[in-house]
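Contents: one structure, followed by commentary.
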Amino acid sequence: MIRLCVALVICLVGCVLQSCNLMAGASYILSEEPQQEAVFVLPDVPTAVFVDDRRNLLHPSRLRRVVADEITELLLKENVVTTLISPQDIMRVSATKDRYGNILSIGELGKAVGASTVVYVEMTAFALTTDGQTANPVANCRVRVIDVDHKQRLFPVNDASYPIVATLSKVDPYNVHSISEMRKLAEELSKELGKNVAEMFYLHYTGRLGENLKRK
């Protein structure tokens, strides 16, 4: 009889614990995903994204275009602004003027391509490894939003620029031993940086427990 009672108690406890786990799982599934508000709301005017890499941190240099394209495409996808000017246009103007030693201001670059606002992204760091052997990709940049028409900075108001960091999770630490692997990793990091910059300007999901969700 005693053994039977003990067995019944154990069974009941197991059922209660299983029920709690099921309820917790259901609560997790039904709970709203964490969201992050826009850091700054862009005005709905013709806008250009310009990625500046004066220190030549991005190798190959076409990664500038990868970052800028990712920002532009996401801003269009999320309907942040109606008109976005191709990053290639503003980069072409910058390259042409730089070639002749005539460096234009951000506002002048924007005006040259018909933009009323420029999202200016200054690269400050870009590395795939810290020791030359182990993959540890990280990229940093600083962002400003410039009002071309009124020749003033819209964002940030109090600081010179807004810092953005990008890293890659679930990366094979030994994935830097061939040129093709490094190129692929560099492109992924560039797109991640572009995504993080774009998300400054619209409401987005951040994922539970700090893990970014890949939403499609």
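Heads up: the sequence shown begins at 15 in our numbering, then just goes up one per residue. Note that the Cβ used here is the ideal one computed from N, Cα and C, for glycine as well. In this text the structure is predicted, and so the values were computed from the model without any measurement.
Residue burial classification, residue i (beta-carbon count within 10 angstroms, cutoff 16)
{"i": "Leu142", "result": "buried"}
{"i": "Val157", "result": "buried"}
{"i": "Tyr42", "result": "Annotation note: pLDDT 42 at Tyr42 (below 50); position unreliable, coordinate value reported separately. Exposed, by the Cβ-count rule."}
{"i": "Asn172", "result": "exposed"}
{"i": "Ile117", "result": "exposed"}
{"i": "Glu225", "result": "Confidence at Glu225 is low in this model, with a pLDDT of 47, below 50, so its placement is unreliable and the value that follows should be read with caution. With fewer than 16 other Cβ atoms within 10 Å, it is exposed."}
{"i": "Tyr129", "result": "The question names Tyr, yet the displayed sequence has Ala at residue 129. That one is buried."}
Cβ-based neighbour list, residue i, same chain, cut-off 7 Å, excluding 5 preceding and 5 following
{"i": "Thr181", "result": "Pro151 and Val152"}
{"i": "Asp186", "result": "Ala149"}
{"i": "Met196", "result": "Leu142 and Val190"}
{"i": "Asp260", "result": "Nothing can be reported for residue 260: it is not among the residues displayed for the chain, which extend from 15 to 230."}
{"i": "Leu89", "result": "Val95, Leu98, Ala212 and Phe215"}
DSSP-derived helix/strand/coil call for residue i
{"i": "Gln147", "result": "coil"}
{"i": "Asn70", "result": "coil"}
{"i": "Val185", "result": "coil"}
{"i": "Ile160", "result": "strand"}
{"i": "Ile104", "result": "helix"}
{"i": "Glu136", "result": "strand"}
{"i": "Ala153", "result": "strand"}
{"i": "Thr110", "result": "helix"}
First and last residue of the uninterrupted beta strand (DSSP E) at residue i
{"i": "Asp66", "result": "Thr61 to Asp66"}
{"i": "Ile178", "result": "Tyr176 to Thr181"}
6 Å CB neighbourhood of residue i in its chain, flanking five on each side removed
{"i": "Ser204", "result": "Leu77, Val80 and Val81"}
{"i": "Asp145", "result": "none"}
{"i": "Ile193", "result": "none"}
{"i": "Ala11", "result": "In this structure the chain extends from 15 to 230, so residue 11 is not present and cannot be described."}
{"i": "Asn154", "result": "Thr138, Ala139 and Val179"}
CB contact below 7 Å: residue i versus chain B
{"i": "Phe169", "result": "Although the question refers to chain B, the structure presented lacks it and comprises just one protein chain."}
Extent of the continuous alpha helix (DSSP H) run through residue i
{"i": "Leu168", "result": "Counting along the chain, Leu168 falls outside any alpha helix (DSSP H), though it belongs to the beta strand (DSSP E) covering Gln166 to Phe169."}
{"i": "Glu206", "result": "Ile193 to Ala212"}
{"i": "Val81", "result": "Leu77 to Lys91"}
{"i": "Leu124", "result": "Per the sequence shown, residue 124 should be read as Gly rather than Leu. Start and end: Ile120 to Ala126."}
Residues near residue i in its chain [Cβ-Cβ closer than 8 Å; skip 5 each side]
{"i": "Val132", "result": "Thr61, Ala62, Val63, Phe64, Ile104, Ile120, Gly121, Leu123, Gly124, Val159, Ile160 and Val162"}
{"i": "Val55", "result": "Phe215"}
query = Hey, is the segment 63–72 in contact with the segment 133–141, meaning 3+ C-beta pairs nearer than 8 Å?
reply = yes
key: Touch test, the segment 112–122 against the segment 157–173, Cβ-Cβ under 8 Å, three pairs minimum   = The segment 112–122 vs the segment 157–173: in contact.
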